[in-house]
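Q:
So this is what it looks like as structure tokens:
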């Protein structure tokens, strides 16, 4: 019996099969990958709790550490979704990656890039950890190359990837010699090389997979990996919001309508972000190059998300702080009005009333572990001044003007000291002041101003990050689900228009309008309502014509 190509249901593709291996693909993330994700979220949660974003330097430090953490996770995931299998070798490699994540957690408490320090051993340890991470990936890709060597089409791309990680590992290791040596304090920008190397190695790995489709992400669960990480980051946002609420509870504050409204707005913000991301995400493969651009675009998305969620939690505590400060000022004004009306005949009576107000509004409710001794000292010093000038301010003597100025300044010091106590009791801390030897320490007013400068910084990065989040989500939606009709464009445009508008709200910080808007309870509801508008527009469909 003879056969030909027309009498069989398929052609002989032996030659093609010898050049194209069929890698085992997972429809969903494996338990090992999910377990690795736990190390990511543990690192992120720990670092977020350790670092207070209170100036531009700490903000850049937060973003920098997140970059290192994210790219380390991403490099491992690029391998896992394409080549990982369950074997003793893979489990040993995964254990090494777990160790890398633990190493990052060890480095986190001493993470202060850009600051003058004398001991750079922590940074040298980090660069060695990053080197080890890349060399483990070289070994893993080398294992894949070993088992697929007979398939000629896989050799060159895998060699390229191994080469990129080898070079990256060598560069990371070489950076240990670039950090300053010696006992004196120095600043350095060597750490910037970490970010540059991470971005370049990721770009090269992505470019190789685009050029050689044999090792592309087609048929992998890369979309699920990125969406799971997004979900993890949203979950981290819920954690920081819960911590903000616990701070309010620890200070024995009563939940007022504005505070409750801000908490509800914060929860809805996370929920709306969840809907805006997942409602437009398709599970189907949508093109090799598009998919890789889509995956890498999650880097700016995740940075923006963590900043939005961090800012959201801060605004909850700020709302409570503003209310606490206003209540303290109102009570102090009542005491001062009683003084002007002659209700206090002695300095002791007036000081006793001020002391009761100070303790009932601030000092009684300071949680354990919060040091407000400096504010308490400032209040006691103010009481001493009031006691000393009491007779002069009451007698109308020639020294009355000087005594009156000291009296007024003491009352202002009490106001600022109470404001500082309320802010610090809610874990709102200013950066450490740079005081030169022999220079005077910051006054209570200067300390309060530095704390409110933190609020201004949060205001700026919160709205900028929120706008970028919407814009990137719109970009991801267009990649995964390209607009085909006019209505599809209508659904996508609000992402960009509202996102740009939210970014522009940050400019309010440089106008006089900030003094009225920022202390109001409408900051979080503004973002909440904006996201709600985009959610509604995202689900609007053109009405079908009736026949």
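In the working numbering, the protein residues as written are 136 to 682.
Built from N, CA and C at the ideal position, the CB exists for glycine as well.
In this text the structure is predicted, and so the values were computed from the model without any measurement.
Expressed to the nearest angstrom, what Euclidean distance is found between the alpha-carbon atoms of residue 465 and residue 490?
A: If you take the alpha carbons of residue 465 and residue 490, they lie about 14 Å apart.
Q: Mark residue 559 as exposed unless 16 or more other C-beta atoms lie within 10 angstroms of its C-beta, in which case mark it buried.
A: Answer is buried; the Cβ neighbour count reaches 16.
Q: Tell me which same chain residues have a C-beta within less than 6 Å of the C-beta of residue 262, skipping the five on either side of it?
A: Sequence-distant partners of residue 262 (beyond 5 residues in either direction) whose C-beta falls short of 6 Å from its own C-beta, in its chain, are 307, 310 and 311.
Q: Do you know offhand how far residue 596's Cα is from residue 442's?
A: Take the alpha-carbon of residue 596 and the one of residue 442: they are about 7 Å apart.
Q: Which whole runs of the alpha helix (DSSP H) in the region 595–659 are 4 residues long or more, in chain order?
A: 621–640 and 649–652
Q: Tell me, please, which residues DSSP counts as bridged to residue 321.
A: 252
Q: Quick one, which of 344, 241, 353 and 323 has its alpha-carbon nearest residue 292's?
A: 344
Q: Would you call the region 352–367 and the region 322–333 in contact, with 3 or more CB pairs under 8 Å?
A: no
Q: Among the candidates 566, 606, 652 and 653, whose CA atom is the shortest distance from the CA of residue 638?
A: 606
Q: For residue 395, does the count of other Cβ atoms within 10 angstroms reach 16, so buried, or fall short, so exposed?
A: exposed
Q: Buried or exposed for residue 477, going by 16 or more other Cβ atoms inside 10 Å?
A: exposed
Q: Give the DSSP-derived three-state secondary structure of residue 187 in the structure shown.
A: coil
Q: Given 8 Å as the limit, is there contact between the region 586–594 and the region 603–620, that is, 3 or more CB pairs closer than that?
A: no
Q: From this set, 183, 557, 518 and 565, which residue's C-alpha is nearest residue 383's C-alpha?
A: For the residues 183, 557, 518 and 565, the minimum Cα distance to residue 383 belongs to 557.
Q: When we look at the beta-carbon of residue 533 and count the other beta-carbons within 10 Å, is it buried (16 or more) or exposed?
A: For residue 533, the pLDDT reaches just 45, beneath the cut-off of 50, and the residue's location in the model is therefore unreliable, although a value from the coordinates is still provided. The residue in question, residue 533, is exposed, as its Cβ has fewer than 16 Cβ neighbours within 10 Å.
Q: From residue 577 to residue 566, what distance separates their C-alpha atoms?
A: 12 Å
Q: So, under 8 Å CB-CB, residue 400 and residue 202 are touching, yes? Tell me the CB distance rounded to an integer number of Å.
A: Contact flag wrong, Cβ pair sits at about 29 Å.
Q: Have a look at residue 599 and residue 523 and give me their C-alpha separation to the nearest angstrom.
A: 51 Å
Q: Using CA coordinates, which residue listed in 371, 617 and 673 is at the minimum distance from residue 178?
A: 371
Q: Is the shortest distance between the beta-carbon of residue 216 and the beta-carbons of chain B less than 8 Å?
A: No chain B appears in this structure, which consists of one protein chain only.
Q: Any contact of the region 312–324 with the region 285–302, i.e. 3+ C-beta pairs under 8 Å?
A: no
Q: For residue 564 and residue 245, what's the separation of their Cα atoms in angstroms?
A: 18 Å
Q: Which same chain residues, not among the five before or five after residue 668, have their C-beta less than 6 Å away from its C-beta?
A: none
Q: Between the beta-carbon of residue 431 and the beta-carbon of residue 341, is there less than 8 Å?
A: yes
Q: Apart from the five residues just before and just after residue 252, which ones in its own chain have a Cβ nearer than 7 Å to its Cβ?
A: 320, listed in sequence order.
Q: Can you give me the C-alpha to C-alpha distance between residue 398 and residue 259, rounded to a whole angstrom?
A: In this structure, the CA atom of residue 398 is about 42 Å from the CA atom of residue 259.
Q: Give me the Cα-Cα distance between residue 192 and residue 387, rounded to the nearest whole angstrom.
A: 33 Å
Q: When the distance is taken between beta carbons, is residue 521 closer than 8 Å to residue 488?
A: no
Q: Are the Cβ atoms of residue 631 and residue 609 separated by less than 8 Å?
A: Against a cut-off of 8 Å, the Cβ pair of residue 609 and residue 631 comes out as a contact.
Q: Spatial neighbours of residue 539 within its chain, please: CB distance less than 7 Å, with the 5 preceding and 5 following residues excluded, ordered by chain position.
A: 528
Q: Compute the Euclidean distance between the alpha carbons of residue 402 and residue 438, then round it to the nearest angstrom.
A: 19 Å
Q: Just to confirm, are residue 568 and residue 551 a CB contact at a threshold of 8 Å?
A: no
Q: Are there 16 or more other CB atoms within 10 angstroms of the CB of residue 453, so buried, or fewer, so exposed?
A: buried
Q: Closer than 7 Å by C-beta to residue 278: which residues in its own chain qualify, once you throw out the five before and the five after it? Chain order, please.
A: 224
Q: Using three-state DSSP, classify residue 503 as helix, strand or coil.
A: In this structure, residue 503 counts as coil in the three-state DSSP scheme.
Q: Only counting the same chain, and skipping five residues up and downstream in sequence, which positions put a Cβ closer than 8 Å to that of residue 531?
A: Any answer about residue 531 is weak, because its pLDDT of 47 lies below 50 and its placement is not dependable; what the coordinates show is given next. Hits under 8 Å: none found.
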